[in-house]
Amino acid sequence: MRPPASETRTRLLAAAEQILVQRGITGISVRKVGETAGLNPTLVTYHFGSLGALLEELRDRNLGPILAGWEGLDQRDGLDAVLRGWLAPLLMPAAFTESGRALVVIDEIAAHGEGDLGAGVLAAMLSFSRGLRALLLTYCPALDEAEMRARLRFISSAALGPPPRGRGMTGVGVADELEYLVRFAHAALRA
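For the sequence shown, position 16 (counting from the first letter as 1) is numbered 5 according to the numbering used here, and the numbering increases by one without interruption.
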């Protein structure tokens, strides 16, 4: 049975997320999470059962808002509106680490998480990306499925940004960054 939500549990999640954002998943351990939270590392096991279960909850807290942000994407009118609806959630802040992005946390877990941990992200993204490709192909009839997939990968990579992956572009607000990204995506799909 899982203990109820508490300040301790939240501090452990925030510490794990901070480590993921700053060092990646390879920097995470029960000891490191406890240390970063300023708590006894055994509390990770007490509150979550395992480091893997903590990472699953962290994955869900970061992935959930992105997936929710994508709901109704097919109801948007016009290429730029669809692009904004797709890209804006990718710029959301991480669940606990304001200086990090939810996408960075999810990317680390998808790329390096073992078993069901990474598979959960990949399954959600695969399902979404199929629908996104089909929707965008209606606005870009000159592209075939394979080329659309390739171009969306490039656009997604631009949203993720180069390492080290912090909050985003230095000196640029999220609204401006979104506009730059939408323009880039529009050009990438129409070229």
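Glycine included, every Cβ here is placed at the ideal spot set by N, Cα and C.
Counting C-beta neighbours from all protein chains within 10 Å, is the total for residue i 16 or more, i.e. buried, or is it exposed?
i	result
Leu170	buried
Thr31	exposed
Arg(-9)	Unreliable placement is indicated for Arg(-9), whose pLDDT of 49 sits below 50; no coordinate value is reported for it.
Gly53	exposed
Pro179	Note that residue 179 is Arg in the sequence shown, not Pro. Exposed, by the Cβ-count rule.
Thr127	exposed
Arg90	buried
Report back the beta-carbon spacing between residue i and residue j to the nearest angstrom; my notes put them in contact at under 8 Å.
i	j	result
Ile17	Leu9	7 Å
Leu40	Val33	6 Å
Have a look at residue i and residue j and give me their C-alpha separation to the nearest angstrom.
i	j	result
Leu92	Leu149	7 Å
Leu79	Ile55	7 Å
Thr(-1)	Lys21	15 Å
Gly104	Met114	16 Å
Asp96	Ala131	30 Å
Ala139	Thr(-3)	43 Å
Gly38	Leu125	42 Å
Ser118	Ala112	10 Å
Trp75	Ile144	11 Å
Asn51	Ala42	14 Å
Ser(-5)	Ala83	19 Å
Gln11	Ala99	16 Å
Gly107	Asp69	31 Å
Tyr35	Thr25	17 Å
Phe85	Ala77	18 Å
Ser116	Gly162	30 Å
Ala177	Leu2	37 Å
Between the options, which lies nearest to residue i when the distance is taken from Cα to Cα?
i	options	result
Gly61	Ala5, Leu52, Leu72	Leu72
Arg65	Leu1, Leu121, Ala83	Leu121
Ser146	Ala164, Ala174, Ala108, Arg119	Ala174
Gly13	His101, Ser118, Leu124	His101
Gly23	His36, Ala84, Arg172, Ala4	Ala4
Glu87	Gly162, Gln7, Leu141	Gln7
Val58	Met81, His36, Leu47, Gly67	First, the amino acid is wrong: residue 58 is Gly here, not Val. Cα-wise, what sits closest to Gly58 is Met81.
Leu47	Ala77, Asp63, Val110, Gly67	Val110
Thr15	Asp133, Met137, Val94, Leu1	Val94
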